[in-house]
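Written below as structure tokens is the structure these notes are about.
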Amino acid sequence: QVQLVESGGGLVQAGGSLSLSCEASGSIFRIRAMGWYRRAPGKARELVAAIDNSGTTNYADSVKGRFTISRGNAKNTVYLQMNSLQPEDTAVYYCHALSSMDYWGKGTLITVSS
Numbered sequence: 272q273v274q275l276v277e278s279g280g281g282l283v284q285a286g287g288s289l290s291l292s293c294e295a296s297g298s299i300f301r302i303r304a305m306g307w308y309r310r311a312p313g314k315a316r317e318l319v320a321a322i323d324n325s326g327t328t329n330y331a332d333s334v335k336g337r338f339t340i341s342r343g344n345a346k347n348t349v350y351l352q353m354n355s356l357q358p359e360d361t362a363v364y365y366c367h368a369l370s371s372m373d374y375w376g377k378g379t380l381i382t383v384s385s
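In structure tokens form, the structure reads like this:
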């Protein structure tokens with residue numbers, strides 16, 4: 272079992288920045304990759320960014336050049352630095368860990384006002 276706890280998020284004006292962090296606990300040695308997904312109102316959940324144990328990253332086209340994902344030295348923490356936020360980035364952001372199965376955090380709301 273892996274537990275994920277997110278922190279960060281909130282309300283920001285367009286063009287602003289926010290950061291998210293997620294700490295994993297439990298069977299963290301089985302984690303192969305971590306990342307962030309989001310679900311905007313009325314839309315399906317989508318991948319935002321992911322990073323595997325080798326440091327390889329993957330970003331949604333819509334956030335490339337604006338968002339940066341990273342992991343802590345202990346590999347049980349993942350961060351998402353979000354710059355140049357736009358109203359279309361408004362969503363609930365979920366931390367994800369890929370282990371023997373998928374694990375999800377409870378989500379944190381980010382609202383970007385125009």
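Quick note on my numbering: the sequence shown kicks off at 272 and runs consecutively. The beta-carbon is built from N, C-alpha and C at its ideal position, and this holds for glycine as well. Remember, it's a predicted structure, so these values are computed and weren't measured experimentally.
- A check of alpha carbon separations from A368 across D360, P358 and K377 identifies K377 as the nearest.
- The C-alpha of I302 is placed about 18 Å away from the C-alpha of L318.
- In chain order, S292 and S341 place their CB closer than 6 Å to the CB of Y350, counting only its own chain and leaving out the 5 sequence neighbours on each side.
- Taking each of L380, D373 and M353 in turn and checking the Cα distance to G287, the smallest one comes out for M353.
- Assigned with DSSP and collapsed to three states, D360 falls in helix.
- Our two residues, E294 and R309, have alpha carbons roughly 17 Å apart in a direct line.
- At the C-beta level, N324 and K346 come within 8 Å of one another.
- A Cβ-Cβ contact shorter than 8 Å links S385 with A285.
- Between G297 and I322, the CB-CB gap reaches or exceeds 8 Å.
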